[in-house]
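What follows is one structure encoded as structure tokens, with my remarks underneath.
There are 2 protein chains.
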Amino acid sequence: MAGVPFRSPSTGSKIRAVLFDTFGTVVDWRTGIAAAVADYAARHELEVDAFAFADRWRARYRPSMGAILSGTREFVILDVLHRENLDFALRESGIDPTNHDAGELDELARAWHVLTPWPDSVPGLTALKTDYIIGPLSNGNTSLLLDMAKNAGIPWDVIIGSDINRKYKPDPQAYLRTAQFLGLHPSEVMLAAAHNDDLEAAHAVGLATAFILRPVEHGPHQSSDLASTGSWDISATDITHLAALLRAGSTG
Amino acid sequence: MAGVPFRSPSTGSKIRAVLFDTFGTVVDWRTGIAAAVADYAARHELEVDAFAFADRWRARYRPSMGAILSGTREFVILDVLHRENLDFALRESGIDPTNHDAGELDELARAWHVLTPWPDSVPGLTALKTDYIIGPLSNGNTSLLLDMAKNAGIPWDVIIGSDINRKYKPDPQAYLRTAQFLGLHPSEVMLAAAHNDDLEAAHAVGLATAFILRPVEHGPHQSSDLASTGSWDISATDITHLAALLRAGSTG
């Protein structure tokens, strides 16, 4: 049953597309990466704390984009950065990656392609899909996001990976080019994300915004993004809640 | 139930993605465009043969891409060409487009966004989706293909419109860049199309190929593409037949 499109208080427009940050917002990267690391460690008889390793690997995520965001490095896809960052995390853990089979490390890095959604993600997205265009607005490359969706049954309507825009968030063009490919004005696009800084960047270029609470994305001791810190259009406890709020025309 | 991936006799690879020409192969553009033209003509008391007008409009399709394919015109999206070609078809029909409201003509040109699939298209694509990545490989822009899919329930996994590649078929890059965004070798991608020239271009750059028979795409007197004219991997009577042949490991 189709509902009335939600009108964003901040942009004044009816929302046509709800796009999602992916890592942390839609999928639980930490559990999935830790499981892949634990499996690799067991097969290679390595002593590593798999969750700590996952955190170390992820901690390189934003720094590794720095040179691309500042324009001193040509754009490379996130698969390349994940692979480089794996070597970095191995060295930080006292493991020399050159003693490991490069193909096997490539395979380990592909764990980022097959992460598991939070329990509410697929039901919530399925509910949203009736009334809105749904897709990722992620730093993942298209093939990563596609593999993730096929593996987990995420019902995206469209996938505009960062390799299509050749820009990483929070570059304004990451948001604006995506809206353009969808044939929409930025004000008709809502970004849903668990990260206030991502919402800040989207808001700054005219998108509507929804905060999704993901209190254990970084594990049980998470201290960041435990509440919305901006005046976002919507604040939701998860994606099914977002769907219900949009359907009700409420801002949460 | 997942099946064994089909191995292409021509490329020697297991197929991972089956991509579709859209206009004519997945959707019946002629009936849909004629209906939109008939509606417009009735509202404006114009005397036009709606099917003849649809044919005239479509006849400009390939010629209007000529300058872009040859590099003498910058890439513009198919929405722009469809709109220009509408003015051309109006003039050919003795109608001066400058006597018509430009916004209403824009709306008429949007009929290309909401075409109806052939009856076998959605069931066939749904069957293929279990075992393969499915998507369009079309000259349509992303927003056109997205609107079409949302409107008709076409279950694409991914949409790489021609505005993403900034190349129109049969430019080799239209096929090759699409495979690259999917993270696949061209030999792992199959193009399914009702047009032998499209299959020829895809085959020339290393894609697998499937001919889909659409004997009334151009109406009851169609004389072209009534049979496959190349040694394509598969020849199918429609998309459900293609799904059955791929499942059976047969080439038809």
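One line per chain: the protein sequences are A and B, in this order.
Everything in the first sequence is counted per our numbering, starting at 1 for the first residue and increasing by one.
Everything in the second sequence is counted per our numbering, starting at 253 for the first residue and increasing by one.
All residues carry an ideal CB built from backbone N, CA and C; glycine is no exception.
For S395 (chain B), the C-beta contacts it makes with chain A under 8 Å involve F181, L182, G183, L184, in order along the chain. By a beta-carbon distance limit of 8 Å, A210 (chain A) contacts A236 (chain A). Their separation comes to about 6 Å. Here D450 (chain B) really is in contact with D273 (chain B); their C-beta atoms are around 5 Å apart, less than 8 Å. Just measuring C-alpha positions, the residue of B:I386, B:I406, B:G376 sitting nearest T368 (chain B) is B:I406. By the rule that beta-carbons nearer than 8 Å mark a contact, I15 (chain A) does not touch chain B. Shown in chain order are the members of the stretch 149 to 179 of chain A whose Cβ falls below 9 Å from a Cβ of chain B: A149, K150, P155, W156, D157, V158, I159, I160, G161, D163, I164. Contact annotation: in the stretch 95 to 121 of chain A, no residue has its CB less than 8 Å from a CB in chain B.
The C-alpha of D301 (chain B) lies about 39 Å from the C-alpha of A496 (chain B). At a cut-off of 8 Å between beta carbons, L146 (chain A) contacts chain B. Taking a contact to require three or more Cβ pairs closer than 8 Å, the stretch 422 to 442 of chain B and the stretch 342 to 356 of chain B do not qualify as touching.
Of the residues assessed, A42 (chain A) falls on the exposed side of the cut-off, its CB having fewer than 16 other CB atoms within 10 angstroms. Among the residues facing chain B, I133 (chain A) is included, as its CB has a counterpart in that chain under 8 Å away.
Here P170 (chain A) has A201 as same chain residues with Cβ atoms under 6 Å from its own Cβ, once five neighbours each way along the sequence are excluded.
In this structure R73 (chain A) is exposed. Its beta-carbon is surrounded by fewer than 16 other beta-carbon atoms within 10 angstroms.
With a 10 Å radius around the Cβ and a threshold of 16 neighbouring Cβ atoms, V279 (chain B) comes out buried. Inter-residue distance for N393 (chain B) and L330 (chain B) is about 6 Å (C-alpha atoms, whole angstroms). In this structure, L428 (chain B) keeps its C-beta atom at 8 Å or more from the C-beta atom of L443 (chain B).
Taking 8 Å as the cut-off, the Cβ atoms of V410 (chain B) and L434 (chain B) count as close. Here DSSP, grouped into helix, strand and coil, assigns S93 (chain A) to coil. Taken through DSSP and simplified to helix, strand or coil, K169 (chain A) comes out as coil.
Secondary structure of R16 (chain A) (DSSP, three-state): coil. By DSSP's assignment, S235 (chain A) forms a beta bridge with A:F211. Contact between the stretch 282 to 299 of chain B and the stretch 254 to 271 of chain B is absent: fewer than three C-beta pairs spanning the two stretches fall below 8 Å. For the options B:A426, B:G264, B:H493, the alpha carbon positioned closest to that of L465 (chain B) is the one of B:H493. Here L145 (chain A) has T22, P136, S138, W156, I159, G161 as same chain residues with Cβ atoms under 8 Å from its own Cβ, once five neighbours each way along the sequence are excluded. In the structure shown, F181 (chain A) adopts helical secondary structure according to DSSP, grouped into three states. The straight-line gap separating the alpha-carbon atoms of L128 (chain A) and R30 (chain A) is approximately 25 Å. Taking every protein chain shown into account, the CB of L271 (chain B) has 16 or more other CB atoms within 10 angstroms, so this residue is buried. Note on S483 (chain B): under 16 other CB atoms within 10 angstroms of its CB, so exposed under the neighbour-count rule. Here F275 (chain B) is bridged, per DSSP, to B:V279.
Counting along the chain, P136 (chain A) sits inside no alpha helix (DSSP H); it lies in the beta strand (DSSP E) bounded by residues 133 to 136.
Where L191 (chain A) is concerned, the enclosing beta strand (DSSP E) starts and stops at 189 to 193. In the three-state scheme derived from DSSP, where H, G and I count as helix and E and B as strand, P407 (chain B) is classed as coil.
Annotation: R16 (chain A) to E47 (chain A) spans about 49 Å, alpha carbon to alpha carbon.
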